[in-house]
Amino acid sequence: MSTRRLQALTPYALLLPSVIFLLVFFAYPMVEAFTLAFRAEGGGWTLDNFQTMIRDVAFAPAFRTTLLLILIIIPVQFALALTMALLIQAKLKFSGLFLYIYAIPLGISELAAGIVWFAIFTERGYLNTVLTALGILDKPFIFLSYQNTGWLLFAVVLAEAWRATSIVMVILVAGLQSIPNEFLEAADVFGATLWDKVWRVILPLLRPSLQVALILRTILAFQVFAVALAVAGRGITLLAAEAYRWYNTYRDPNVAAAFAALIMVLSIVSTILYLWGLRTPEEQTL
Amino acid sequence: MKSSNTFLRYVSRGLVYLLAILMALWVLLPIYLIGVAAFSEQLAVYKYPRPFFPSPFSTETMVFFLKSTGVAASVRSSVVVALITLSLSTLIGAPAGYAIARFVFRGRETFRLLVVSTRAFPIVILSIPLAVSFIEWGMYDSVYSLALMHTALALPFTILITSSVFASVPRDLEEAAMTLGCSQLQAFVRVSLPLALPGLAAATLFTFVLSWNEVFAAVILTVRNRTLPALVLTVLDVSPLPYRFAGGFFMLAPSLIFMLFIRKYLFNLWGKVTK
Amino acid sequence: MAEIRLDNIRKTFGKIVATRDVSLTVHDTEFMVLLGPSGCGKTTLLRGIAGLEQIDSGRVFIGDKDVTDLPSRKRRIAMVFQSYAVFPHLTVYENIAFGLRMQRLPDSEVKKRVHSSAELLQITDLLDRFPAKVSGGQRQRVAVARAIAVQAEVLLMDEPLSNLDALLRLEMRAELKRLLKDVKSTVVYVTHDQVEALSLGDRIAVMKDGEILQCDTPLQVYDNPASEFIGGFIGNPPMNFLEVQLSDNAVMAGGASFTPPPAVRAALGNGARVALGIRAENIVAESVRTDGALSGAVLVVEPLGSHNLLTVQVGGERVKVNAHADSRFEPGQRIWLKFAPEKIRWMNRDTGRAIS
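In order, the protein sequences belong to chains Z, H and G. Offset between the first sequence (1-based) and the working numbering: plus 14. Offset between the second sequence (1-based) and the working numbering: plus 8. Position 259, counted from 1, in the third sequence is what the working numbering calls 245; the numbers after and before it change by one each time, with no gaps.
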């Protein structure tokens, strides 16, 4: 009897360390984030931190830019990632090499990516060199100036699209691999073009993968801040950057926690929206 | 008729390759350019028009960066944090991953769902409340505390990835070992572990990269014991261009090597995790 | 000595009852086949013997020892898995040696036993290879060699042939039979293939819905099925069943009258529905009317080489008949079927069980 009892307990024993760790370093700080955000300086509960947050001059632009960035980057990323994923699945020669190359940015940090694109867009950078060499510009143009919010945003979009497409690509390839080849061959037999296949077979069947990738990308995008700092300095600001600034520069963890709480709520809301908007109807599962 | 069809097929195949190469360039070109900047002389960085080759090739910029104040120490901190993160998350997460992959028990699905759903939370943001707690507990500004935060960040990944790695080792093999005289533990050590090892190694490498790259928590949780990204970020607006470029390249270089090893396991790592 | 005794084995998975208080005794060195459709509980029962499945209630005895609470490794069993479960990270040699090394046998003994098992299965030239480099059929041989090498008193086999292609399966079936005669282990063999069961088993335990319906020699199970289900499940084509009516003093089926044993009359007298069972090879088809024959119309003629399989419409029912290979029946033709009287079996339609 005792060996049986022991066997039944084994999985729980294996889970225990993870559960404890996640409770202390995940559940606790999550509760704490909201507690901090609603805590007044002398103790007691208050909405002051949120009022301070909203009244801050940087709040509205940070909020707007964060959302704008997500709205622009995600479609670009998904188009790029789907192209890459289809190329990987096209059974090309050297597809292993292509996969490696496409996956490299997966291991590149926001900060490094920001610096890379800063090197390209800076006044004496590569972009200006090319544009003047081609005669499009006669002298270097200052793309990354505080006055050029459009260019700042553009550079950040490129940097983020460059860096974070890999993860979407990998998830989509994994999803594509789970689509049986017969489905596509069946589509071929019925005379589907590549375009038809992508829109009528691949994308609908890829819905679960798309959902996961969208959720992941959106949540990560809410946390982006180092790319913007590296590319645009103070030129544009994002919610996570404000959280960082309130903590580090203004030494006010409560308002910083209010930002954290806001980001968390936004993340959860967007996850719920994706889960609801992209759910696979029960009757369409095999 | 037939030959023109063949011709068309060749053309379209060629276009597919062209597209694949263009995509590869889109990824590689920026890396190449930052590499050029990092391996030119410091003065070349200010030259205009900007040279597209390191002429002459020089490690001067790189050496300047590595010898700058705090860089060596921060690289050490980064490596220490990443190694602790890798060890802790594997030690804590792999058993849980194994349990999910191998045992049927009450609460398994709930636990799995909880772990999956942690990904719906911006974990990095949790470093703000953690910083406050760490100050209270006297654990603030320490590489060990940061490693704990990074472990929390990596743990859900580690659990899901290791469970998919272990699940890819057929259960039959372990059972066969048990009918041949192994205890559960022996079956794990002699059969599952050797077969899972490459996948587990890829997972731990990934954890290392995750920690090496992480900047938000690092910059919030440390003051004097900065990791490399935290250091570079805080001095970003006061640092000269050569410093930034060399730093940028130095930070992304590990990825070039790591991806080479992880490549084969990417879909193991991500494929089943998406379920 | 290794008799296996199962005593009221019950195992449930959630709401599904996999085995319903099953009891069974397998004699020492006997070859017992557990036969049944998928989901009948046969694999669960086997895994219960192996110790890979914790049973909810009941006891398992191997030899005279109660092993119910012992882990696999202490049960002195060996097992061949459906997937073969050959370790991909070990060579064929190390695969076969695995169980011997766990017993801490000296190297010389390991070597001797690995080689003798490998010879038995004719895979000596594969010993240095890794499993990825050998064919599916060879992998299967490795799995069997590995199980034989430990010389366990009990050998458990879970559909070992089901992943082989048809030709290889036929060859391996005969080879297993030859091999296991020499090994002298008590064998429990799970399969859903009735031909395999008939060909290999000393006895067959036919299972359905977690219960053993009949446990007997292959001939008995084939010839005297305990229920309509077994008659239908074993044999190809399945046994024919015709519902009979009581008319005056005779029992009528398809227009012919039969003399049933008293038990059948009694059942019919009590208002039960009764079916007459007969196998295709026990029916003689004639193109002319003979005494006591049923009349029917040929629906389908399938030439199978060794014989022609006829599907004949008899009243409201269809009957499968084996006709001679050079018979010349045509679809639509009217024919007469004569049943071999000693081969007729009687079933109670309401319970599905044989009337004896």
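Glycine included, each C-beta is placed from N, C-alpha and C at the ideal position.
Beta carbon of residue i nearer than 7 Å to that of residue j
{"i": "Val89 (chain H)", "j": "Val151 (chain H)", "result": "yes"}
{"i": "Arg252 (chain H)", "j": "Ile129 (chain Z)", "result": "yes"}
{"i": "Phe219 (chain G)", "j": "Ile269 (chain G)", "result": "no"}
{"i": "Phe135 (chain Z)", "j": "Leu141 (chain Z)", "result": "yes"}
{"i": "Arg82 (chain H)", "j": "Thr235 (chain H)", "result": "A small fix is needed here, since residue 82 (chain H) is Ser in this sequence, not Arg. It is a contact, given that the beta carbons lie within the stated cut-off."}
{"i": "Glu229 (chain G)", "j": "Ala261 (chain G)", "result": "yes"}
{"i": "Leu181 (chain H)", "j": "Ala71 (chain G)", "result": "yes"}
{"i": "Leu154 (chain H)", "j": "Ala226 (chain H)", "result": "yes"}
{"i": "Phe257 (chain H)", "j": "Gly43 (chain H)", "result": "yes"}
{"i": "Val71 (chain H)", "j": "Leu125 (chain Z)", "result": "no"}
{"i": "Ile233 (chain Z)", "j": "Pro130 (chain H)", "result": "yes"}
Other residues of its chain near residue i: CB distance less than 8 Å, five sequence neighbours each side excluded
{"i": "Leu165 (chain G)", "result": "Leu106, Leu107, Val130, Ile134"}
{"i": "Arg214 (chain H)", "result": "Looking at the sequence shown, residue 214 (chain H) is not Arg but Phe. Here the set comprises Phe165, Ile169, Phe266, Ile270, Leu277."}
{"i": "Thr163 (chain Z)", "result": "Gly249, Ile250"}
Exposure label - residue i; buried when at least 16 CB within 10 Å
{"i": "Ser200 (chain H)", "result": "buried"}
{"i": "Gln327 (chain G)", "result": "The amino acid at residue 327 (chain G) is misidentified as Gln; the sequence shows Pro. Result: exposed."}
{"i": "His310 (chain G)", "result": "exposed"}
{"i": "Gln231 (chain Z)", "result": "Note that residue 231 (chain Z) is Arg in the sequence shown here, rather than Gln. Classification for Arg231 (chain Z): buried."}
{"i": "Thr263 (chain Z)", "result": "exposed"}
{"i": "Ala200 (chain Z)", "result": "exposed"}
{"i": "Ser123 (chain Z)", "result": "buried"}
{"i": "Tyr40 (chain H)", "result": "exposed"}
{"i": "Leu99 (chain H)", "result": "exposed"}
{"i": "Arg58 (chain H)", "result": "buried"}
{"i": "Arg352 (chain G)", "result": "Residue coverage of chain G in this structure runs from -13 to 342, which leaves residue 352 (chain G) outside it and unanswerable."}
{"i": "Phe35 (chain Z)", "result": "buried"}
{"i": "Ala227 (chain Z)", "result": "buried"}
{"i": "Phe197 (chain Z)", "result": "exposed"}
{"i": "Gly0 (chain G)", "result": "exposed"}
{"i": "Tyr148 (chain H)", "result": "buried"}
Assigned secondary structure, residue i (DSSP; H/G/I helix, E/B strand, else coil)
{"i": "Arg21 (chain H)", "result": "helix"}
{"i": "Gly43 (chain H)", "result": "helix"}
{"i": "Lys283 (chain H)", "result": "Low confidence applies to Lys283 (chain H): its pLDDT is 38, below 50, so where it sits in the model is not reliable, and the reading given next is rough at best. Three-state DSSP puts Lys283 (chain H) in coil, outside helix and strand."}
{"i": "Ile270 (chain H)", "result": "helix"}
{"i": "Leu113 (chain G)", "result": "coil"}
{"i": "Met225 (chain G)", "result": "coil"}
{"i": "Gly44 (chain G)", "result": "strand"}
{"i": "Glu222 (chain H)", "result": "coil"}
{"i": "Asp52 (chain G)", "result": "strand"}
{"i": "Lys107 (chain Z)", "result": "coil"}
{"i": "Met98 (chain Z)", "result": "helix"}
{"i": "Tyr175 (chain G)", "result": "strand"}
{"i": "Leu148 (chain Z)", "result": "coil"}
{"i": "Glu16 (chain G)", "result": "coil"}
Candidates the options, of which the one nearest residue i by Cα
{"i": "Thr(-2) (chain G)", "options": "G:Ala104, G:Ile41, G:Phe315, G:Ser342", "result": "G:Ile41"}
{"i": "Tyr12 (chain Z)", "options": "Z:Ile102, Z:Phe168, Z:Ala200, Z:Ser123", "result": "A query on residue 12 (chain Z) cannot be resolved here, the shown segment of chain Z reaching from 15 to 300 and no further."}
{"i": "Val1 (chain H)", "options": "Z:Leu166, Z:Ile185, Z:Ala240, Z:Glu174", "result": "Within the shown structure, residues of chain H are numbered from 9 to 283, placing residue 1 (chain H) beyond reach of any answer."}
{"i": "Lys167 (chain G)", "options": "G:Lys1, G:Gly318, G:Met18", "result": "G:Met18"}
{"i": "Val307 (chain G)", "options": "G:Ser243, G:Pro223, G:Leu141", "result": "G:Pro223"}
{"i": "Glu288 (chain G)", "options": "G:Ser43, G:Phe315, G:Arg304, G:Val173", "result": "G:Phe315"}
{"i": "Ser281 (chain G)", "options": "G:Lys28, G:Leu113, G:Trp322", "result": "G:Trp322"}
{"i": "Ser58 (chain G)", "options": "H:Ser63, H:Ala184, H:Arg17, H:Leu27", "result": "H:Ala184"}
{"i": "His101 (chain G)", "options": "G:Glu139, G:Ala83, G:Ser342, G:Ile264", "result": "G:Ala83"}
{"i": "Ala47 (chain Z)", "options": "Z:Leu287, Z:Arg293, Z:Ile277, Z:Leu292", "result": "Z:Ile277"}
{"i": "Thr80 (chain Z)", "options": "Z:Tyr261, Z:Gly56, Z:Val170, Z:Val38", "result": "Z:Val170"}
{"i": "Val176 (chain G)", "options": "G:Pro248, G:Phe67, G:Pro74", "result": "G:Phe67"}
{"i": "Asp188 (chain G)", "options": "G:His75, G:Glu197, G:Gln206", "result": "G:Gln206"}
Contacts around residue i, its chain only, beta-carbon distance under 7 Å, and the 5 residues preceding and following it disregarded
{"i": "Phe92 (chain Z)", "result": "Val182"}
{"i": "Asp336 (chain G)", "result": "Ala258, Arg259"}
{"i": "Pro262 (chain H)", "result": "Val217, Trp220"}
Residues of its chain near residue i, where Cβ-Cβ distance is below 6 Å and the 5 sequence neighbours each way are ignored
{"i": "Val151 (chain Z)", "result": "Note that residue 151 (chain Z) corresponds to Leu in the displayed sequence, not to Val. So the qualifying residues of the chain are Leu145."}
{"i": "Leu96 (chain H)", "result": "Thr159"}
{"i": "Tyr56 (chain H)", "result": "none"}
{"i": "Val136 (chain G)", "result": "Ala64, Gly85"}
beta-carbon residue i near the ligand NAD non-hydrogen atom, thresh 6 Å
{"i": "Leu125 (chain Z)", "result": "Within the structure as shown, the ligand NAD is missing, as the structure has no ligands at all."}
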